[in-house]
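Chains as they are written, first to last, in my numbering: chain A, 32 to 141; chain B, -10 to 104.
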Amino acid sequence: DAKTTQPPSMDCAEGRAANLPCNHSTISGNEYVYWYRQIHSQGPQYIIHGLKNNETNEMASLIITEDRKSSTLILPHATLRDTAVYYCIVSFPTGNQFYFGTGTSLTVIP
Amino acid sequence: GAVVSQHPSWVICKSGTSVKIECRSLDFQATTMFWYRQFPKQSLMLMATSNEGSKATYEQGVEKDKFLINHASLTLSTLTVTSAHPEDSSFYICSARDRGLYGYTFGSGTRLTVV
Chain A
32 DAKTTQPPSM DCAEGRAANL PCNHSTISGN EYVYWYRQIH SQGPQYIIHG
82 LKNNETNEMA SLIITEDRKS STLILPHATL RDTAVYYCIV SFPTGNQFYF
132 GTGTSLTVIP
Chain B
-10 GAVVSQHPSW VICKSGTSVK IECRSLDFQA TTMFWYRQFP KQSLMLMATS
40 NEGSKATYEQ GVEKDKFLIN HASLTLSTLT VTSAHPEDSS FYICSARDRG
90 LYGYTFGSGT RLTVV
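Given below as structure tokens:
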């Protein structure tokens, strides 16, 4: 079962940073935090993942709190093409379960 | 990067027939593949996990005799929906884990419509 809680929807102005929160208070020590997004009628797209440290790649930044009970995905300059459902998932990297929660529907507004 | 190819992208079949969906990892070996189902405006629901060379592990409530999963090689897993009914109409998505990476790559999905 999904171990994450996310707000159902968010809006963000185009060009501004989008900050998407995720609560995962029951995360265990070796579980990673993964972020994916799904644009309508497509397969989920990998964004970023992390264990303890903050991570950054060409798409986004991931900020994980020190107690690891929550995280925030940051899209630094949101564009209209970033409109999608964003999923935060916690899982062992070699585990046999990868459960999706309800996700956050992000709408980027012109 | 890792690519997972899913085929077909959409299929329409008659009630009572069977449909096979293929999931291939194109540039990596996938020891584990996942199959999901997604209904409109809902999240992805994990149906089963398949490991190469062994029987799939089904999630609670998923009928293993109706959704047959075969993972005969490190690059191919198939999902067969047997005796399909209209309520099986859904978006089916596969995913594969590259054992060299800590990540999961998803296919583009298959839209199944049973008429």
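Heads up, the beta-carbon is just placed ideally off N, CA and C, and yes, glycines get one too. A quick note: this is a predicted structure, and the numbers were derived from the prediction, not measured.
Residue i lies in the beta strand (DSSP E); which residues open and close that run?
i, result
"B/GLN(-5)", "-7 to -4"
"A/PRO52", "49 to 54"
"B/LYS9", "8 to 14"
"B/ASN40", "34 to 40"
"A/VAL121", "115 to 122"
"A/GLY81", "76 to 81"
"A/ILE70", "Looking at the DSSP string, A/ILE70 is not in any beta strand (DSSP E), and its letter there is neither H nor E."
"B/LEU101", "99 to 103"
"A/LEU111", "It is not in any beta strand (DSSP E) - A/LEU111 carries neither H nor E in the DSSP assignment."
"B/THR94", "93 to 95"
"B/ILE1", "-1 to 2"
Mind reading off the beta-carbon distance from residue i to residue j? Whole number of angstroms is fine, and I expect it under 8 Å.
i, j, result
"A/HIS108", "A/GLY46", "6 Å"
"B/ARG13", "B/VAL(-7)", "7 Å"
"B/THR20", "B/ASN40", "6 Å"
"B/THR82", "A/GLY74", "Residue identity check: residue 82 of chain B is Ile in the sequence provided, not Thr. Contact holds; Cβ gap of about 5 Å."
"B/SER32", "A/THR133", "5 Å"
"B/SER66", "B/LYS55", "B/SER66 to B/LYS55, Cβ: 17 Å. No contact."
"A/TYR117", "A/ARG68", "5 Å"
"A/THR103", "A/LEU137", "Actually they are not in contact, since the Cβ atoms of A/THR103 and A/LEU137 sit about 13 Å apart, beyond 8 Å."
Which residues share a DSSP beta bridge with residue i?
i, result
"B/GLU76", "Answer by DSSP bridge pairing: none, since B/GLU76 is not bridged."
"B/MET22", "B/SER39, B/ALA85"
"B/ASN59", "B/THR67"
"A/GLU86", "A/LEU93"
"A/ASP42", "A/THR138"
"A/ILE58", "A/ILE58 pairs with nothing; no bridge assigned."
Quiz item: Going along the stretch 23 to 41 of chain B in order, which residues come within less than 8 Å of chain A, judged by CB to CB distance?
Solution: PHE23, TYR25, SER32, LEU33, MET34, LEU35, THR38, ASN40
Exercise. Report the residues of the stretch 71 to 86 of chain A with a CB closer than 8 Å to any CB of chain B, ordered along the chain.
Key: SER72, GLN73, GLY74, PRO75, GLN76, TYR77, HIS80
Exercise. For the stretch 42 to 72 of chain B, enumerate the residues whose C-beta is nearer than 7 Å to any C-beta of chain A, in chain order.
Key: THR46
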